[in-house]
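Everything on this sheet refers to the single structure shown next.
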Amino acid sequence: MSEPIDCHHNHAAYEEHAGKRVWIHRKGAIRLREGEWGIIPGAMGTSSYLVKGKGNPESFHSCSHGAGRQMSRKAAMESFSVEDTILDLESKGIFLGKTRKRDIGEEARFAYKDIDFVIANELDLIEPIRKLETLGVVKG
């Protein structure tokens, strides 16, 4: 594979579905038609997946953008300190490329759903090709 994988997860597109031209709005989802490559990221410090789309028309050729939150940003900030989140990443040997770290707790891996569970529930939409392990995190 030499082409970049470009997965927009908040967008609208004018597409054909069931013989009609319709607007599809994807919020937290990516378009993944049959045979197209995609990335479904886990949380900061967990695995991600390289996948191929199955082109399921029932989902409008869509799948999830990532693991998805199981906790609000505010609740995560209250539950996970900056120090604990950084120590968690360091304990796994993961580099954190972020200058301003005061909000890093909101991205703690425990604030997100388990990526393996998410992938297992999308097997009608995607074919997992490769599980990717995190080496570093760059966060704006």
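Numbered continuously in our numbering, the sequence shown closes out at residue 655. Using N, Cα and C, we set each Cβ at its ideal position, and we do this for glycine too. Predicted model only: the values in this text are computed from it and were never measured.
Assuming contact is defined by CB atoms lying nearer than 8 Å, are residue 650 and residue 610 in contact in what I supplied?
Yes, Cβ-Cβ distance for residue 650 and residue 610 is below 8 Å.
Rounded distance between the beta-carbons of residue 602 and residue 577, thought under 8 Å
So it is not a contact: roughly 37 Å between Cβ atoms.
Which runs of the beta strand (DSSP E) fall wholly inside the stretch 542 to 614 and span at least 3 residues, in chain order?
The stretch 542 to 614 contains these whole beta strand (DSSP E) runs: 544 to 546, 552 to 555, 563 to 568, 577 to 579 and 610 to 612.
Whole-angstrom distance between residue 523 and residue 564, CA atom to CA atom
One alpha carbon belongs to residue 564, the other to residue 523, and they sit about 16 Å apart.
Just confirm the distance between the C-beta atoms of residue 551 and residue 568, as a whole number of angstroms; I'd bet it's less than 8 Å.
Contact between residue 551 and residue 568 holds, with the beta-carbon distance rounding to 5 Å and staying under 8 Å.
Give me the residue from 599, 623, 527 and 549 with the minimum Cα distance to residue 573.
Residue nearest to residue 573 within the set 599, 623, 527 and 549 is 549 (criterion: CA-CA distance).
Identity of the residues DSSP links to residue 633 by a beta bridge:
DSSP lists no partner for residue 633.
Take residue 575 and list the residues in its own chain whose beta-carbon comes closer than 7 Å to its own, dropping the five residues that flank it on each side.
532 and 539.
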